[in-house]
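In terms of our numbering, the sequence shown opens at residue 189 and continues consecutively. Just so it is clear, CB atoms sit at the ideal spot from N, CA and C, and this is done for glycine as well.
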Amino acid sequence: MLAGGRSSEHDVSLASAAAVCAGLEQAGHQPVSVEISREGRWSSEGSPVSLDPGGGLLGCHVAFPVLHGPYGEDGTVQGVLEVLDAPYVGAGVRASALCMDKVLFKDLMGAAGLPQVGYAALREDDDETSLADLGLPVFVKPARMGSSVGISKVSLAGELPGALSAAFEHDPLVIVEAMSHGMEVECSVVGDAEPEASVPGEIVFEADWYDYEAKYEQGGMELVVPARLSEAVSEGVRALAVEVFRRVGCAGMARCDFFVEDPTGDARVLVNELNTIPGFTETSVYARLFEESGVAYPELLDRLLAIALARHEREARYRG
């Protein structure tokens with residue numbers, strides 16, 4: 189169990205990891221906790237962890253990264269685990285890095301012809317005229333951060349320079365996205381070659397937009413399961429979640445986020461993002477959606493371990 193990490197979501201990761209440990213014990217496993225400090229140091233039961241390339245990790249059968257944001261969800265830790273030759277839960281290096289980069293992800297979705305909001309990528313010296321077609325409001329985001337860090341909603345043109353400056357403090361690449369007024373819908377996915385999607389859930393919140401406080405503060409949001417969608421639209425969301433999962437080459441787990449515009453009429457489903465390591469407490473959206481789909485938390489963890497082992501064994505056949 190890898191928890192903590194160097195990102196701003198360090199404490200969220202620790203809470204998720206505690207729940208995962210309890211769930212693994214309930215399923216009959218013996219979890220070993222490895223905490224990654226905010227400085228990036230690895231320790232287990234207070235002692236430093238020595239990493240031996242090709243030697244696995246502390247003799248464990250499977251590593252379970254419960255890390256969020258940079259240095260955990262972006263392919264870096266996954267690369268370390270590949271070097272250690274340790275089977276691990278979740279997406280590999282490429283899919284992790286791709287999904288963490290909002291620009292690359294949206295470029296891939298666009299190349300595949302999947303529906304999404306309009307967007308533009310900017311570096312600090314780029315001309316901002318490319319933003320004109322997006323209209324207002326827009327969201328300005330660091331391209332490779334998580335949990336709404338550095339994100340601003342811009343409703344007036346005069347607010348744009350300040351929002352860009354705030355985003356550039358976190359990343360030299362920024363993405364500006366047109367706003368969708370659609371329903372926020374999330375769908376959990378589990379699997380590898382044949383991924384399965386949960387029932388979709390609807391995110392309801394009082395805030396102006398789904399910001400950090402709405403995501404993590406008590407009472408900041410309400411999850412309505414199943415989402416208030418017709419059966420046809422709900423099945424479309426599930427099918428699109430599986431397609432996105434496959435398009436990026438994901439494995440193990442992910443939560444796909446959507447906007448559903450005009451949900452009671454001629455609904456239009458837009459892909460927003462794919463989170464390769466979603467929050468993982470029993471009450472987090474990922475697990476709750478599968479609970480409502482008939483998969484209990486310990487069973488879900490069991491499945492993820494089995495998928496990790498099978499994938500590691502399969503991919504070992506292609507190594508020299």
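- Query: So the beta strand (DSSP E) ALA366 belongs to, where does it begin and stop?
  - Reply: Note, ALA366: beta strand (DSSP E), 361-366.
- Item | Residue nearest to LEU348 in terms of C-alpha spacing, selected from VAL377, ARG332, GLU372 and THR317 | The shortest C-alpha separation from LEU348 is found at THR317.
query: Is the distance from the Cβ of PRO241 to the Cβ of LEU272 below 9 Å?
result: Taking C-beta atoms as the reference points, PRO241 and LEU272 count as a pair closer than 9 Å.
Exercise. Would you mind listing the alpha helix (DSSP H) stretches within the region 189-259 that are 4+ residues and don't spill past its ends, in chain order?
Key: Listed in chain order, the complete alpha helix (DSSP H) runs (minimum 4 residues) inside the region 189-259 are 198-214.
* Asked: Hey, how far is the Cα of LEU286 from the Cα of GLN214?
  -> Straight-line Cα distance between these residues: approximately 33 Å.
Checklist entry - Going along the chain, which residues of its own chain have a beta-carbon closer than 8 Å to the beta-carbon of ARG186, five neighbours each way excluded? => result Here the chain covers residues 189 to 508 and nothing more, so residue 186 does not appear.
### Message
Would GLY469 and ALA279 qualify as a contact pair, given that the criterion is a beta-carbon distance under 9 Å?
### Response
Looking at the sequence shown, residue 469 is not Gly but Thr. No, the Cβ-Cβ distance between THR469 and ALA279 is not below 9 Å.
**Request:** Could you tell me if ALA299 is buried or exposed, where buried requires 16 or more neighbouring beta carbons within 10 angstroms of its beta carbon?
**Result:** Taking all protein chains shown into account, ALA299 has fewer than 16 neighbouring C-beta atoms within 10 Å of its C-beta and is therefore exposed.
Practice problem: Could you tell me whether the region 428-442 touches the region 381-396, where touching means 3 or more Cβ pairs closer than 8 Å? | Solution: Contact holds: three or more Cβ-Cβ distances are below 8 Å.
Cβ contact (3+ pairs, closer than 8 Å) linking the region 366-379 and the region 473-486:
The region 366-379, when compared against the region 473-486, does touch it at the 8 Å Cβ threshold.
**Item:** Extent of the continuous alpha helix (DSSP H) to which MET409 belongs
**Value:** Bounds of any alpha helix (DSSP H) do not take in MET409; it lies within the beta strand (DSSP E) bounded by 409-412.
Beta-carbon contacts of VAL412 that lie in its chain and below 7 Å, excluding the five residues immediately before and after:
Excluding residues within five positions, the ones whose Cβ falls inside 7 Å are GLY389, GLU390 and VAL392.
* Applying the criterion that 16 or more other CB atoms from any shown protein chain within 10 Å of the CB defines a buried residue, is GLY301 buried or exposed? -> Exposed: under 16 other Cβ atoms inside 10 Å.
Open item on the list: Quick check on VAL277: does DSSP put it in helix, strand or coil?
Closed with: Correct three-state label for VAL277: coil.
Sheet register partners of LYS329 (DSSP bridge)
DSSP lists ILE363 as partners of LYS329.
### Task
Would you tell me roughly how many angstroms separate the C-alpha atoms of GLU223 and GLY467, rounded to the nearest one?
Here the alpha carbon of GLU223 sits roughly 17 Å from the alpha carbon of GLY467.
task: Would you mind working out which of GLY370, GLY216 and GLU487 sits nearest GLY453, comparing C-alpha positions?
output: With respect to the C-alpha of GLY453, the residue from GLY370, GLY216 and GLU487 having the closest C-alpha is GLY370.
Measure the alpha-carbon distance for PRO360 versus MET333 and round it to whole angstroms. Answer to the nearest angstrom: the Cα atoms are 11 Å apart.
Practice problem: Could you please give me the residues that DSSP links to TYR307 through a beta bridge? | Solution: According to DSSP, which records beta bridges pairwise, TYR307 is partnered with GLU365.
Starting from GLY379 and walking both ways along the beta strand (DSSP E), at which residues does that stretch end? 371-379 is the span of the beta strand (DSSP E), which, as asked, contains GLY379.
| In terms of residues, what are the limits of the alpha helix (DSSP H) holding ALA442? | Looking at the DSSP string, ALA442 is not in any alpha helix (DSSP H); the run it does join, the beta strand (DSSP E), is 440-449.
For the beta strand (DSSP E) that contains ILE391, what are its first and last residues?
For ILE391, the enclosing beta strand (DSSP E) covers residues 389-393.
Suppose contacts are defined by Cβ-Cβ distances below 9 Å. Is LEU458 in contact with VAL305 by that definition?
Yes, the Cβ-Cβ distance between LEU458 and VAL305 is below 9 Å.
I need the DSSP call for VAL483, collapsed to helix, strand or coil. Collapsing the DSSP output to three states places VAL483 in coil.
Q: Could you name the residues of the same chain whose beta carbon sits closer than 6 Å to that of SER422, not counting the 5 residues immediately before and after it, in chain order?
A: Closer than 6 Å at Cβ, skipping near neighbours: PRO388.
Find the nearest neighbour of GLY211 within the set ALA504, LEU493 and ARG507, judged by alpha-carbon distance.
Restricting attention to ALA504, LEU493 and ARG507, the CA atom closest to the CA of GLY211 is found in LEU493.
Simplified DSSP assignment, three categories, for SER340:
SER340 falls in the strand class under three-state DSSP.
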